Amino acid sequence: MNRREFVKLGGLGAVRAGAARWLPGQEPPKADVTLRIAPVVVELAPDRVISTVGYNDASPGPVLRMREGAPVTVEVVNDTDVPELVHWHGLLVPPDVDGAEEEGTPAVPPHGRRRYQFTPRPAGTRWYHTHTMAMTDLHRGGFTGQFGFLVVEAAREPGSYDQELFLALRDWEPFFTSQFMDTDEQNQKWPQPERPAMLDTRPNGLEVGATIYSINDKALGAGEPIRVRQGQRVLMHLLNASAIENRSIALPGHQFHVLALDGNPVPAPNAVEQVFIGPGERVDAYVEMNQPGVWIMGAPEDDIRNGGLGIVVEYANQRRQPQWVAPAKPSWDYTLFGKAGTQPSTNGSAQTIDMVFEKVPRGMGQFNSFTVNGKVYPHDQEFVLKEGTRYRVVFRNRTDDAHPLHLHRHLFEVIEIYGKATAGVVKDTVVVPVYGRAVVEFVADQPGLALFHCHIQHHMDFGFKALFRYA
Ligand SMILES: [Cu+2]
């Protein structure tokens with residue numbers, strides 16, 4: 000197979016149902032999906048061509064479509080010099096195929112291949128990405144181009160839209176800096192119940208920053224615009240595939256009608272002017288195209304949008320320079336999409352697990368580290384679940400950063416955030432505000448090891464993780 004044919008096959012991302020078993024001596028049947036990990040050159044713009052590692056000669060990798068409940072065989076070919084893992088983010092699959100070394104998933108050896116069989120569920124916008132550590136190497140792990148959308152399709156797909164778009168937000172060519180690059184502080188001010196009375200004043204260590212951005216593989220203005228007609232309803236699947244930072248996105252004169260968070264339908268679909276999305280999170284929203292013109296959809300911060308985080312939306316028969324209009328104050332709030340003020344279905348019968356997150360500032364030229372309940376990974380026998388029990392987990396963020404917290408192989412319901420009660424918002428990743436608190440609940444019904452971590456790569460690598468196990 001030549002390179003072009005391979006790209007074509009990979010790009011189709013087609014999936015047949017029913018992973019067949021084969022007898023010893025027989026040729027194994029063709030995998031449903033083949034992902035080839037290899038170095039790739041990405042042209043973000045004519046004068047911004049970067050080299051990274053991608054899937055099937057591209058970054059993002061192909062949009063994979065799988066049928067809910069239909070077993071699949073995925074073959075992962077690793078054409079790099081390091082062991083690799085593909086994590087299926089948001090899927091309820093066993094630890095040996097989930098794609099986390101900590102859970103015991105076998106890695107794909109360098110210049111080797113390995114097959115994984117699993118049954119994708121539940122339906123919704125999921126994604127796949129590498130789960131290797133990067134530590135001090137900004138050309139590894141989540142800093143590379145190893146990510147792509149995975150759509151798990153239900154038997155019956157609700158809703159009809161004129162267009163369906165997959166838009167992954169990314170930054171590239173990261174670097175270490177001791178300056179705080181992030182914009183969390185400029186964003187909304189939420190209650191800070193976890194703010195310590197005495198702040199840690201030790202000098203901060205290194206953070207990771209970037210100045211080059213894209214949506215999918217193109218910087219703002221470098222790719223094809225999104226071409227729309229007045230009156231169209233366009234379904235957008237947004238993903239923050241950054242390893243570094245929370246992001247916001249706006250489209251002047253238009254609203255995002257949010258239908259699902261992390262692929263899970265919300266109980267109260269609601270329209271917002273700005274979407275806020277942490278690393279790992281997905282937002283499914285439709286936009287009604289009722290404001291003819293040529294617009295820039297992008298990050299509200301000028302330097303980030305001009306650095307590439309945006310895409311042009313062009314109505315038919317409109318010719319002019321793309322317009323940007325600064326949005327009003329951000330108003331993102333998970334509880335907008337939940338059953339406000341209600342109590343969780345459990346009536347308080349859940350077992351409580353407290354998790355306190357702290358940053359240990361290491362000073363100039365050093366890497367900060369993070370602790371969970373004052374200890375470093377792996378918290379040996381600390382987080383032990385009993386199958387069938389409902390747990391209430393209290394995330395206490397005692398740091399000056401907003402962290403996107405992800406639990407593998409489980410979905411949780413957000414029941415309190417920003418000091419407000421809510422219900423029905425089901426997620427796999429939640430951004431806990433600066434010095435803020437979030438309370439989530441889940442039922443322990445996925446036996447085996449389950450990794451919990453911050454989805455910011457260098458936070459995870461430097462301690463912000465814990466392993467849940469079943470008794
Ligand atoms: Cu973090």
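For the sequence shown, numbering that gives the first Met the number 0 gives the first residue as 0, with consecutive numbering after it. The beta carbon of each residue, even a glycine, is placed where N, CA and C say it ideally should be. Since the structure is predicted, the reported quantities are computational estimates derived from the model, not experimental observations.
Limits of the alpha helix (DSSP H) - the one that residue i falls within
i: residue 492; result: Any question about residue 492 goes unanswered here, given that the chain covers just 0 to 470.
i: residue 459; result: 456 to 460
i: residue 268; result: It is not in any alpha helix (DSSP H) - residue 268 instead sits in the beta strand (DSSP E) that spans 263 to 271.
i: residue 94; result: 94 to 97
i: residue 304; result: 301 to 305
Limits of the beta strand (DSSP E) - the one that residue i falls within
i: residue 471; result: Residue 471 is absent from the structure shown; the chain starts at 0 and stops at 470.
i: residue 86; result: 85 to 88
i: residue 170; result: 162 to 171
i: residue 318; result: Per DSSP, residue 318 belongs to no beta strand (DSSP E) and is neither H nor E.
i: residue 47; result: 47 to 54
i: residue 77; result: 71 to 77
i: residue 297; result: 293 to 297
i: residue 116; result: 112 to 117
i: residue 63; result: 63 to 66
i: residue 212; result: 211 to 214
i: residue 126; result: 123 to 129
i: residue 420; result: 419 to 426
i: residue 468; result: 464 to 469
i: residue 248; result: 246 to 249
i: residue 405; result: 402 to 406
i: residue 237; result: 232 to 239
i: residue 368; result: 368 to 371
i: residue 391; result: 389 to 396
i: residue 256; result: 255 to 260
i: residue 326; result: Segment: none, residue 326 is in no beta strand (DSSP E) and carries neither H nor E.
i: residue 416; result: 411 to 416
i: residue 148; result: 146 to 152
i: residue 225; result: 225 to 227
Short CB-CB distance (under 8 Å) between residue i and chain C
i: residue 394; result: The structure shown contains no chain C; it is built from a single protein chain.
Beta carbon of residue i nearer than 8 Å to that of residue j
i: residue 160; j: residue 232; result: yes
i: residue 333; j: residue 462; result: no
i: residue 416; j: residue 437; result: yes
i: residue 126; j: residue 308; result: no
i: residue 141; j: residue 153; result: no
i: residue 193; j: residue 129; result: no
i: residue 285; j: residue 228; result: no
i: residue 212; j: residue 169; result: yes
i: residue 321; j: residue 293; result: yes
i: residue 176; j: residue 306; result: no
i: residue 405; j: residue 452; result: yes
i: residue 234; j: residue 290; result: no
i: residue 205; j: residue 364; result: yes
i: residue 269; j: residue 356; result: no
i: residue 224; j: residue 311; result: yes
i: residue 241; j: residue 278; result: yes
i: residue 248; j: residue 455; result: no
i: residue 246; j: residue 262; result: no
i: residue 139; j: residue 90; result: no
i: residue 94; j: residue 447; result: yes
i: residue 28; j: residue 187; result: no
Inter-residue CB distance, residue i and residue j (contact presumed, cutoff 8 Å)
i: residue 367; j: residue 203; result: 7 Å
i: residue 470; j: residue 384; result: 7 Å
i: residue 118; j: residue 70; result: 5 Å
i: residue 411; j: residue 441; result: 4 Å
i: residue 165; j: residue 208; result: 26 Å between Cβ atoms; not a contact.
i: residue 380; j: residue 408; result: Not a contact, Cβ separation roughly 19 Å.
i: residue 97; j: residue 360; result: Actually they do not touch by this definition, with Cβ atoms about 32 Å apart.
i: residue 266; j: residue 338; result: 5 Å
i: residue 99; j: residue 86; result: 6 Å
Check whether the stretch 423 to 443 and the stretch 370 to 383 touch, using three or more Cβ-Cβ pairs below 8 Å as the test.
Result no; under three Cβ-Cβ pairs closer than 8 Å.
Is there contact here, the stretch 30 to 40 with the stretch 78 to 97, by at least three beta-carbon pairs under 8 Å?
The stretch 30 to 40 vs the stretch 78 to 97: in contact.
Where the beta carbon is closer than 5 Å to any heavy atom of ligand 1, which residues qualify, in chain order?
Chain-ordered list of matching residues: 402, 453, 455 and 458.
When you compare the stretch 411 to 425 with the stretch 283 to 301, are there three or more beta-carbon pairs, one atom per stretch, that lie closer than 8 Å?
Using a C-beta cut-off of 8 Å, the stretch 411 to 425 makes no contact with the stretch 283 to 301, since fewer than three inter-stretch Cβ pairs fall below that distance.
Would you call the stretch 270 to 277 and the stretch 246 to 260 in contact, with 3 or more CB pairs under 8 Å?
Between the stretch 270 to 277 and the stretch 246 to 260, the count of Cβ pairs shorter than 8 Å is three or higher; the stretches touch.
Segment contact, 8 Å Cβ cut-off, at least three pairs: the stretch 379 to 390 with the stretch 345 to 362:
Put simply, the stretch 379 to 390 touches the stretch 345 to 362. At least three CB pairs are less than 8 Å apart.
With a cut-off of 8 Å, do at least 3 Cβ pairs link the stretch 106 to 124 to the stretch 79 to 95?
Taking 8 Å as the limit for Cβ pairs, the verdict is that the stretch 79 to 95 does touch the stretch 106 to 124.
If contact is defined by three or more beta carbon pairs under 8 Å, each pair taking one atom from either stretch, is the stretch 141 to 157 in contact with the stretch 98 to 106?
The stretch 98 to 106 and the stretch 141 to 157 do not touch, with fewer than 3 CB-CB distances between them shorter than 8 Å.
Okay, do the stretch 215 to 227 and the stretch 38 to 50 touch, 3+ Cβ pairs below 8 Å being the bar?
The stretch 215 to 227 makes contact with the stretch 38 to 50, as at least three CB pairs between them are under 8 Å.
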